[in-house]
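J.: Protein chains in written order, with the working numbering: chain U, -2 to 151; chain F, 38 to 387; chain C, -2 to 281; chain Y, 74 to 732; chain D, 441 to 757.
Virtual Cβ for every residue (Gly too), placed ideally from N, Cα, C.
One structure follows; several queries about it will come next.
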Amino acid sequence: MSAAPGNELRIIGFLCNWCSYGGADTAGVGRMTQPTDLRIIRVPCSGRIDPLFVLKALVNGADGVLVSGCHPRDCHYAEGNFYARRRLEVLKRFLQVLGIDERRFEYTWVSASEGQRWQEVVQKFTERIHELGPAPKITPDQMAMAETMAAQPR
Amino acid sequence: MAAKYLKKENLVSWLQTLAKERLTLVPRREGDAVVFRPFAPGQDIPLDQQATTPPKAAVFPQCEPLLAFKYAKDPENPGKVGVQVKEKLGDTPSVVVGCRPCDARGFLTFDRVYDSDRASDLNYLTRRRNTLFATLACDEPASTCFCNWVGSGPADAEGSDILMVPVEGGFVLEPVTEAGEKLMEQAPLEDAGDKAALAEAVKENAAKALGEAPDLSQAREKLLSLFDNMDFWEGVSAKCISCGACTYLCPTCYCFNITDEQSGAEGVRLRTWDNCMSYLFTMEASGHNPRPTKAHRLKNRVGHKFSYYPDIHDGHIACCGCGRCIKSCPSSVDIRQIVLQAIAASAASE
Amino acid sequence: MPKKSKNQEARNPYLPAIGTIIETIQETPTIKTFRVVLDDKDEMERFTFQPGQVGQLSAFGVGEATFVINSSPTRMDYLQFSVMRAGEVTAKLHALSTGDQVGVRAPLGNWFPYEELKGKDIVFIGGGIGMAPLRTLLLYMLDNRKDYGKITLLYGARTPQDMAFQYELPEWLEREDLDATLTIDVEAEGWEHSVGLIPNVLLEMAPSAENCAAITCGPPIMIKFTLQALQKLGFQDDQIITTLEKRMKCGVGICGRCNIGTKYVCVDGPVFTYAQLKTLPNEL
Amino acid sequence: MKIGVFICHCGSNIAGTVDVAKVAEEVGKLPDVAYSTDTMYACSEPGQEGIIQAIKDHNLDGVVVASCTPRMHEPTFRRTVERAGLNRYMFEMANIREHVSWIGKDKESNTQKAVDLASIAVAKLTQDRPLIAKKFGVNKRVMVIGGGVAGIQAALDCADGGLEVVLVEKTATIGGKMAKLDKTFPTVDCSSCILGPKMVDVAQHPNITLYANAEVDSVKGYVGNFEVAVKKKATYVDWTACTGCGLCTEKCPSKKATDYFNEKIATTTAISIAFPQAIPKKASIDPEYCIKITKDKCGVCEKLCPTKAIRYDMQDETVIEPVGAIIAATGYDLFDYTRYGEYGGGRYPDVITSLQYERILSASGPMAGHIKRPSDGKEPKNVVFVQCVGSRDKSVDRPYCSGFCCMYTAKQAIQTKDHLPDSQTYVFYMDIRAPGKMYDEFTRRAMEEYGARYIRGRVAMIYPKGDKYIVRGADTLAGTQVEVEADLVVLAVGAEAAKGASNLAEKLRISYDKYGFYMESHVKLRPVETNTAGVFLAGSCQGPKDIPSSVAQGSAAASKVLGLFSKDELESDPQVASVDIKRCVGCGKCIETCPFGAIEETDFRGEPKANVIETVCQGCGVCTSTCPQGAIQLQHFTDNQILAEVNALCQQPLVTSFE
Amino acid sequence: MELLDQLKEKIKERLPELDVVIGWEQGFDPLHATPLFMRTEEDVDRLVFSPLCVHNLASHLTGLKGKKVGIVVKGCDSRSVVELLQEKLLVREDVTVFGLPCTGVVSLKKIKHALGGLDKVASAEFNGNELKVSAAGAARVLPLNEIAADKCGRCQYHNALLSDVFVGAPVEAAAEDNYADVEAFQAKSPQEQAAYWRDAMQRCLRCYACRNACPMCVCRDHCVAQSREPHWMTQQDTVQEKWFFQMIHALHLAGRCTECGECERACPVGIPLLLLKRKINKEIKELFDYQAGTKIDATPPLLSFKVEEENINERGW
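The structure is reproduced here in structure tokens:
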């Protein structure tokens, strides 16, 4: 699918159904204007988010990935976000060695009532991704160039 | 054309000439490995030892599209979706320079299967016809080499287009095929002169260094007779970890998998190397697996190379003796030992 | 470097013909039948196959799977495939309906020795989806009825709902020139035919082995006990014919996974006599 | 697959900033989309009929509606597709209103975003499988936790409705906070006169089993089939023998035991009955003060007891109660006013809480209904009421209004005047919250008929001066500093979540807000439901409530339970985890992480495998993201379904394109 | 030698009650040891132990489920056994651990660099802290510390952490691991890092030796790398796919990897895979003060949580 028109970047959000997706709804109900880059994927719980989904999106060329769940201690499923918190923190730090700018991934907690907070999160994260610009892509052309470079004597 | 001499320092200029017309694949050091990559000027070309990976991918890539497909909608009736398919053949003229006789010979094992009375694999054959081999003869065998066991040798020219014999200061190039001869015409060559005799000596010494080869002709029946002896196979496969290092580094392993991938309305049917040591190789949708353990799978791998394949293909062993499976096996499984043990074990049980 | 292909036709063995589904039949909760016509009219007209040969059906984007062509070469209005839902490809195929297109690579493999069977009595023993390969030969023989002796059919399924080809069972049961018996594993309401496991029912039926061939296909456990039953009834190994199933990819003997020793099920099979199977290494 | 896509205008809500026709056209190009259109109101009757018609006309096997949030209308549309013969899970929704049209200004960007969101929904739908709910039986017993007025009401309503009820009360008697009150506003009628009969009904109702002095230990199971372990705390008195005659309490020599019922303004005996109308009317021993238990002396009660009910060696006992639903009615506790150092922090004996004042006012209380200062027993003249102690105060993290303090303060001012006609009352208040029926009139009466002087402003400080107290505060209406000399100061302490409420919430797997009040399922529309099926709320555990509201909620919760139990079988949500037995290696990691204990190890041909107890699984998917080989998949949110969504947004180019 | 004799004796003592004991024997050339599966006393006589015994034999344990298995372990190997036991992937009663003290094993890659190749090794002999090798007609003496595996330089557990039979005198030393290698790599810019992995992954063959050699990769036959349900990866040979697999591998090992380095050792094309796992381990250590494979009764940190995490900031915006 083609990227969006204009200068939009591809930002993917994974939101838990009970809190953050509701928070995004609340922001919508409150007509809280947000940048349009973000595309939200709804999951039942932040605990459902395998860090690999985030990596998959980044490897596939997403410019930014945002995860949001219920605030710790507020999980609809009691413990899901506690697991998520550990996994996502480890993931964030893992990026530091993969050559993926860790700022392209963020996780946060937004409750269903925090429409304004959601607006701020989207605003800030989108701004950050625009500051970083489009993620470097691995294209066949680039690979060919890398190959030639690598063939130089070391 | 007779044998000619190519000075070491002229190798690069020859490669440059070749690279203008053909994708020219030469060994290159990458990390701890030596792999075949497109020649680039200024690169170091490690020819002193066998490359880590064979040039198998030049003809049989790790992954290639067998066909592409596309779903197209009937504009009048969006509920009706048609599909079109297209074959995808790779026909880039290529040449591999600096592979070993075993590497080039490996494709002969492919040829018998990929071009038979039953079927002709056009994807393979198109590449095969467009790929030439300028093979470097071996001057000294490695501890893992056993090409002489499988009917070959360090200067075997079968499967190659040019044989390059390393001598002091350069290579003696012997044309093997017409196409090879043409390639040689593009090289800044000198008359071989007394280098020809040196080359013969190199060949002789190398052959001698390999020592006596055991007789594997009985392996065909012996391996079959051991088919139901699972104790034997469990014993020899115990240290195997069922990975694909042996098969993917093997110049003769030709098995593959076919999978589809789709993105939007378009997709490809991919052919990828497959590994008979994998549990999934024979796993059926029902959950039944005729080769459920690594013992079953190693039995098939060894059996296929030294028994079933020779049985169908005039006694040709589906192994070129390059030794990579031994050298690169994380557990140092030694296929030579298994074959010898099989011969010995079945002899003992008789 | 081979210059010329040994295979003179040299058509791309991996390139499927495109066919359109003209009809689907939900045979059982897990089996769906597809009737397919190749889009290229000439190709469809030229298309020939032998009873027992298989084809690879493509659901593009998911992959291919092998099914026997269970229509008869004597009735070439369409090619029929019956698909039991097991893995990803079959699930995708089940989602298809009339008008959808599929890829077809067929015919592949060997076939039932129908010529050699001429003049003999035939006993068909099918279990579950194993009835599909038998159907093609049964239809062929019914269409060439005079060439064969007494034809007996024993078809069993777990429950009445699991019985495929219900649309033609009444005809088979009624035909004078076919002795058809249906059986299910355990008693069920409204079931008027036999009840019992196939090997047991077979022993009760006790067909004579003399000048007879038994053709059987079904789940492994059924085959195992059916073989024992047939042997009890005096059938020799070369009188028993079955068809095998293996994980296949290329279908033309190259990709290397469906072999049993030296034999490749996709090209040397899928039809084997029990005598032939016995010469193969034990790796079913 | 043949998918139908319906892009909703929602009037101009969506169509105003999204080119819906364009979205329909773009999404219609996807290979699996057989029909794509825009519709004015997808959720309206004609909108739904349009979907049903399209399913039939185009032989669709799945539907995508791009409209508002699925949290609103997903159930609506699921029913719609079901009416057309599709499985209800062959439906996906794209939220192009809350997430697109209402928050983005640029029509072009919004349109593209709507296309993307609808495409994600299509991609997910191609991976969807029909799911079928399983049915399971219901145990038609209900447990009510908490024996305050809300719990009593819920228990009685359920019991009258024919259900077996287990009522669990933490203290030795039911009645809760209401039983401690002297009078109730705005009628100033006797609290125990109206509550007493209900308490007796509980004791006598054949359908109610009462566990007083008991607490919930653990909760297992799921709606329709809970197993609650109730810990009956040792009372050291065999209640089956005790007749509540009270002989023991008269003779008990240990008289310094804490009197919780009287809010600690008096002491009681080590063996006691909370109050004369207690239900159950049984004695219990406070082991901390019992001379026999602490020093192995005395034993007077044992000797005296006519029914030989005393058991000094009694242990806590746990009983398992299988029930099908649970009503939490655990009430509230009072804010700990000692946190206000400026009000003496608990050091001034004549600065008391409003509930202590209730006990002073009560004829059955320790002062027999005579208002006396705790310090010297003198009748006070000036009584100062301070409102919002622990309410509407961010500095003590209690920003919320406790709701009922304004009313009971007015009531207490009136009662003060009734008891002590010469007294003068002052009320420091912030705002008067009196929105109920007859409430505002009532506070007016306090001011106008009973002469209570209302001063609008916070009290800054209370300090002793001689045997009196100076209450210093601001009068924000007059704009002056005020100092009032008080004989007695009554603090209108706010309500906060009951102690241990969060602990119980975790056992019940319900959520609670940051103050510990339980979260209802929907603030407006599902006020007594929780997000855990089969667990309901009543009374102040959900937030501070006055008596009529608590009673109403008790009845509401009871009606929900009666409604739930009107079916013999319930349907389980099929969006639960499911194990691919072929892929499971039996490592048990999912068992370890499941928050609900919904996964157990089973044996499959000698191999350990995970098995999901479908009715216990809540569908969070933690297991799915735990399992490395993807053997356990949350249905409707499988890896492949989510990956399809990711790939719809960004996918690597294929190695070869068709052209 | 004495150690080896003792070990053989102990194994022979326990052999009757065991189905098999896993150790090492001499491989196809003097530098290669190879796993040995001992079923008879004669098999035990082939046992060797030297710095060439690089394999972590614990990788074979889960494949022998249901059998009574003895296993010879070095300190690092024992951590894998501990981790497997902790994750209940092994039954304690079924495993007999023969623990050894270890002063380090070699890196064949380093020897290869020193010799210029491993193809023609004629003899190899350890003499104190030196390896004497003759190859291609020339003799070389290599100090052990120059050819020791990287993991040995930072080894904190020279002695088997768990053993039913411990043979030999425990090694006293224990190094600190400051993850200097990880730090050094992290100092590169994201672009440099990405380029590094892109180049390395390009030669990946997808042979899955890294996975199959890993003692903790217990999914193996059911690995998501090749499954269609779930369909995490395509079979395309793009750098992205190969790289993504390594991300899967590393994340699935988060809090479980005992850093035996078998993934990296097994890789036929020499991709430095351990770095990825070490990075995660470094973070796991910092976040949860946890080291995999050191305690049988611990819970892996990603399978547990704390309501209040000490080292994770709540990430407010």
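Just reading off the alpha helix (DSSP H) that Glu565/D is part of, what are its end residues?
T.: That residue, Glu565/D, is in no alpha helix (DSSP H); its beta strand (DSSP E) goes 561 to 567.
J.: Taking three-plus beta-carbon pairs below 8 Å as touching, is the region 100 to 108 of chain C in contact with the region 49 to 56 of chain C?
T.: Output reads yes: the region 49 to 56 of chain C touches the region 100 to 108 of chain C.
J.: What residues in its chain sit with their C-beta under 7 Å from that of Pro372/F, if we drop five residues either side in the sequence?
T.: Position check: residue 372/F holds Ile in this sequence, whereas Pro was assumed. Result list for Ile372/F: Val339, Cys362, Ile363, in chain order.
J.: Please report the distance separating the alpha-carbon of Phe122/U from that of Trp115/U.
T.: Rounded to whole angstroms, Phe122/U to Trp115/U spans 10 Å at the Cα level.
J.: If the cut is a Cβ gap below 8 Å, which residues of chain D does Cys690/Y touch?
T.: Here the premise fails: no neighbours, minimum Cβ distance about 18 Å.
J.: Can you list, in chain order, the residues of its chain whose CB lies under 6 Å from that of Tyr152/C, leaving out five sequence neighbours each side?
T.: Correct list, in chain order: Gly123, Met128, Leu179.
J.: Please list the terminal residues of the continuous alpha helix (DSSP H) segment that includes Phe147/F.
T.: That run of the alpha helix (DSSP H) goes 138 to 151.
J.: Enumerated in chain order, which unbroken segments of the alpha helix (DSSP H) with a length of 4 residues or greater are wholly contained in the region 459 to 516 of chain D?
T.: For the region 459 to 516 of chain D, whole alpha helix (DSSP H) runs of length 4 or above, ordered along the chain, are 481 to 485.
J.: With distance defined between alpha-carbon atoms, name the residue in Leu261/F, Gly119/F, Gly301/F nearest to His333/F.
T.: Residue Leu261/F is the option with its Cα nearest to His333/F.
J.: Count the C-beta pairs between the region 286 to 303 of chain F and the region 672 to 680 of chain D that are closer than 8 Å, then say yes if the count reaches three, no if not.
T.: Enough Cβ pairs lie closer than 8 Å, so yes.
J.: With a threshold of 6 Å on Cβ separation, who are the neighbours of Tyr80/U within its own chain once the five nearest residues in sequence on each side are excluded?
T.: Closer than 6 Å at the Cβ level, and outside the excluded window around Tyr80/U, lie Gly44.
J.: Do Lys560/D and Ala576/D have their beta-carbon atoms positioned less than 8 Å apart in this structure?
T.: For Ala576/D and Lys560/D, yes; Cβs fall inside 8 Å.
J.: Would you call His82/Y buried or exposed, if buried means 16 or more other Cβ atoms sit within 10 Å of its Cβ?
T.: The residue in question, His82/Y, is buried, as its Cβ has 16 or more Cβ neighbours within 10 Å.
J.: Please classify Met38/F as buried or exposed, where buried requires at least 16 neighbouring CB atoms within 10 angstroms.
T.: Burial call: exposed.
J.: Can you find a C-beta in chain Y that's less than 8 Å from the C-beta of Ser55/C?
T.: For Ser55/C, the answer is no, since every Cβ of chain Y falls outside 8 Å of its Cβ.
J.: What would DSSP say about Ile59/Y, mapped onto helix, strand or coil?
T.: Since the displayed chain Y opens at 74 and closes at 732, residue 59/Y lies outside it and no answer follows.
J.: Give, in chain order, every unbroken run of the alpha helix (DSSP H) that is at least 4 residues long and sits entirely within the region 246 to 321 of chain Y.
T.: As far as the region 246 to 321 of chain Y is concerned, its whole alpha helix (DSSP H) runs of at least 4 residues are 264 to 277.
J.: Please list, in chain order, all residues of the same chain as Pro150/U whose beta carbon is under 6 Å from its beta carbon, the five residues on each side excluded.
T.: In this prediction, Pro150/U scores a pLDDT of 41, lower than 50, which makes its location untrustworthy; no coordinate-derived value is stated.
J.: If you measure between the beta carbons of Thr319/F and Arg254/C, is that distance less than 8 Å?
T.: Yes.
J.: Going by other Cβ atoms of all chains shown within 10 Å of its Cβ, with 16 needed for buried, is Lys682/D buried or exposed?
T.: Label assigned to Lys682/D: buried.
J.: Using the Cβ count rule (16 or more neighbours within 10 Å means buried), how would you classify Asp231/F?
T.: Under this definition Asp231/F is an exposed residue.
J.: Any contact of the region 59 to 72 of chain U with the region 117 to 133 of chain U, i.e. 3+ C-beta pairs under 8 Å?
T.: Touching, per the Cβ criterion.
J.: Counting along the chain, where does the beta strand (DSSP E) carrying Ile124/Y start and finish?
T.: That residue, Ile124/Y, is in no beta strand (DSSP E); its alpha helix (DSSP H) goes 118 to 130.
J.: Tell me which same chain residues have a C-beta within less than 7 Å of the C-beta of Cys647/D, skipping the five on either side of it?
T.: Around Cys647/D: Pro708.
J.: Straight-line CA distance for Tyr410/Y to Tyr284/Y?
T.: Cα to Cα, Tyr410/Y sits roughly 31 Å from Tyr284/Y.
J.: Using a Cβ-Cβ distance under 8 Å, would Asn132/Y count as near chain C?
T.: Output row for Asn132/Y: interface = yes.
J.: Between Arg638/D and chain U, is there a C-beta pair that is closer than 8 Å?
T.: So yes, Arg638/D belongs to the interface.
J.: Drop a sphere of 10 angstroms on the beta-carbon of Gln642/D, count the other beta-carbons inside from all chains shown, and report buried for 16 or more, exposed for fewer.
T.: With 16 or more Cβ atoms within 10 Å of its Cβ, Gln642/D is classed as buried.
J.: Just to confirm before moving on: does the CB-CB distance between Lys336/F and Pro475/D stay below 8 Å?
T.: No.
J.: Which residues mark the beginning and the end of the alpha helix (DSSP H) in which Cys366/F is found?
T.: Neither: Cys366/F is in no alpha helix (DSSP H) and is coded neither H nor E.
J.: Quick one: Cα of Ile620/Y to Cα of Gln731/D, how far?
T.: Cα to Cα, the separation comes out at about 56 Å.
J.: Find the nearest neighbour of Leu377/Y within the set Glu680/Y, Cys321/Y, Leu550/Y, judged by alpha-carbon distance.
T.: Checking every option, the nearest Cα to that of Leu377/Y belongs to Cys321/Y.
J.: For Cys696/Y, I'd like the list of residues in its chain whose CB is within less than 7 Å of its CB, leaving aside the five on either flank, ordered along the chain.
T.: Counting only Cβ-Cβ distances below 7 Å, and skipping sequence neighbours, we find Ala650, Cys663, Thr666, Cys667, Ile672, Ile705.
J.: Do we get a CB-CB distance below 8 Å when we pair Arg506/Y with the residues of chain D?
T.: Not an interface residue.
J.: Which of the residues in the region 603 to 615 of chain Y, read from start to end, lie with their CB under 7 Å from any CB of chain U?
T.: Within the region 603 to 615 of chain Y, the residues whose Cβ lies closer than 7 Å to some Cβ of chain U are Asn604, listed in chain order.
J.: Specify the secondary structure class of Ala678/D as computed by DSSP and reduced to three states.
T.: The sequence given here has Thr at residue 678/D, not Ala. Thr678/D falls in the coil class under three-state DSSP.
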